[in-house]
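Heads up: the sequence shown at position 147 corresponds to 220 in UniProt numbering, and the numbers run straight through without jumps.
All C-beta atoms, glycine included, are put in the ideal place defined by N, C-alpha and C.
Computed from a predicted structure; not experimentally measured.
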Amino acid sequence: SREVCPEPSQVELAPGVVIGGAELIVMAGPCSVESEEQIVFTAQAVKRAGARVLRGGAFKPRTSPYSFQGMEEEGLKLLDLARQETGLPIVTEVVNPRDVELVARYADILQVGARNVQNFALLKMLGQLDKPVLLKRGMATTIQEYLMSAEYILSEGNRRVVLCERGIRTFETATRNTLDISAVPVLKEQTHLPVVIDPSHATGHAQLVPSMCYAGVAAGCDGLIVEVHPTPETAASDGPQSLRPAEFADMMLKLKRFAEVA
Ligand code: PEP
Ligand code: MN
């Protein structure tokens, strides 16, 4: 908390990539890794536009067990290839505690998904790693509960935790979730940890993503995580909320008017 650590923490995500300082750190890439061509092409496009981290899911926590579950280790290998091609560090989700070691071998940053925010066994394991963790807020997690989840990682000794507001459940159905924009200043006030927003999962609609990114920056977030896909209509997951590379580049240009981005 701020009482223990009054100054905002700067978290090194990878050599030369620090979140929580002056630069707005943009993480971007597809929901799921689907092929070498898809991930390398997307990585190059988001890098050109100013993203500092490549996102991509290899283990996918899907609502339905019949939906695409991810390429698993093959997907991690393709992320590694995209990192070699672009130099971008990788953030990818670990769903199951038994896969922590495997995912940590490939990832620069390990993501905990909304559905696992209170998987305390997973959080404790991540607390023992020497890798940064992107901890997503659950869709029905209060800020107090969310901060206790972050404590599960911190109390095991891992200080490199980044918080992520990704939308919460409300009565509203026009959007997939409701971006709790006020969570940004509340989290910034109550903790020293960097805060990012995920407007893709929060809104569920690509056309709403840019305005929520600008809103997040205005609210004081330290970074953004955005889904980008070369052909959203054929995406294996979350196509409707994925920006095309050109749309992402356009948004990044607009962001440069009021934020320090690469
Ligand atoms: C994701 O980032 O692809 C994802 C599954 O997000 P969330 O856990 O926020 O639903
Ligand atoms: Mn997704």
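One Cα belongs to Val164, the other to Asp181, and the distance between them is close to 6 Å.
Excluding sequence positions up to five before and after Ala213, its CB lies within less than 6 Å of the CB of Arg242, all in the same chain and listed in chain order.
Where Gln184 is concerned, the enclosing beta strand (DSSP E) starts and stops at 182–185. Within the region 275–311, the runs of alpha helix (DSSP H) at least 4 residues long that lie entirely inside it are, in chain order, 282–292. For the pair Leu97 and Val290, the CB atoms are nearer than the 8 Å cut-off. DSSP places Lys204 outside both helix and strand once states are collapsed to three, so it counts as coil. Here Thr159 is buried, its C-beta having at least 16 other C-beta atoms within 10 Å.
A residue is called buried when at least 16 other Cβ atoms come within 10 angstroms of its Cβ; Arg178 does not meet this threshold and is exposed. By a beta-carbon distance limit of 8 Å, Ala124 does not contact Met144. Their separation comes to about 21 Å. For Leu252, there is no enclosing beta strand (DSSP E), as DSSP marks it with neither H nor E. Secondary-structure assignment with DSSP links Val268 through a beta bridge to Leu236.
Taking 8 Å as the upper bound for CB-CB distance, Arg239 and Asp271 are in contact here, some 4 Å apart. Here Ser108 carries a coil assignment [DSSP, helix/strand/coil].
Within the DSSP secondary-structure output, Met100 pairs in a beta bridge with Val126, Ile298.
The beta carbon of Tyr219 sits closer than 6 Å to the beta carbons of Arg210 from its chain, once the five residues preceding and following it are set aside; these are given in chain order.
According to the DSSP assignment, Glu166 belongs to the beta strand (DSSP E) that extends over 163–166.
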